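Trainee: Residue numbers (numbering that gives the first Met the number 0): 0 to 88.
The C-beta atom is built at its ideal place from N, Cα and C for all residues, glycine as well.
These numbers come from a predicted model, not from an experiment.
Take this structure first; my questions come after.
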Amino acid sequence: MKFTLGRSIFLLVLVVALFLPTYSKLQKLKAKDTAFSEQVERLKIENERLTQENRMLKEDPVYIEEVARDKLKVARDNEIVFRVINENE
Numbered sequence: 000m001k002f003t004l005g006r007s008i009f010l011l012v013l014v015v016a017l018f019l020p021t022y023s024k025l026q027k028l029k030a031k032d033t034a035f036s037e038q039v040e041r042l043k044i045e046n047e048r049l050t051q052e053n054r055m056l057k058e059d060p061v062y063i064e065e066v067a068r069d070k071l072k073v074a075r076d077n078e079i080v081f082r083v084i085n086e087n088e
């Protein structure tokens with residue numbers, strides 16, 4: 000069987016038409032995989048930070064005092080707290 004230029008081009012177009020959608024889908028899946036891998040790494044770092052903070056809140060009295068003063072606005076007995084009010088805000 001003799002292959003002519005027309006048949007060769009037809010087969011080439013047929014192969015491209017069959018595999019191009021699959022290749023395109025594969026590229027999209029690779030991009031999603033990369034995005035998910037990056038998200039997993041960010042979440043691992045965040046998890047480590049939260050684990051460290053949790054440990055410090057359980058074990059470190061200096062950190063507990065710092066958090067209480069900063070976030071809960073707690074003061075020691077007989078301590079005078081000054082609030083600075085910025086007039087521009």
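What is the rounded straight-line gap between the Cα of alanine 67 and the Cα of threonine 21?
Mentor: Against the sequence shown, residue 67 aligns to sequence position 68. Against the sequence shown, residue 21 aligns to sequence position 22. Those two C-alpha atoms are separated by around 57 Å.
Trainee: Compare the beta carbon distance of alanine 74 and valine 83 with 8 Å and say whether it is the shorter of the two.
Mentor: Working through the sequence shown from its first residue, we reach residue 74 at position 75. Working through the sequence shown from its first residue, we reach residue 83 at position 84. Cβ distance not < 8 Å, so alanine 74 and valine 83 don't count as in contact.
Trainee: My guess is that leucine 56 and tyrosine 62 are in contact by the Cβ rule of under 8 Å, so how many angstroms apart are they, rounded?
Mentor: Counting from one through the sequence shown, the residue named residue 56 turns up at place 57. Counting from one through the sequence shown, the residue named residue 62 turns up at place 63. The distance from the Cβ of leucine 56 to that of tyrosine 62 is about 7 Å, consistent with a contact at the 8 Å cut-off.
Trainee: Quick check: what's the CA-CA separation for glutamate 52 versus glutamate 45?
Mentor: Counting from one through the sequence shown, the residue named residue 52 turns up at place 53. Counting from one through the sequence shown, the residue named residue 45 turns up at place 46. If you take the alpha carbons of glutamate 52 and glutamate 45, they lie about 10 Å apart.
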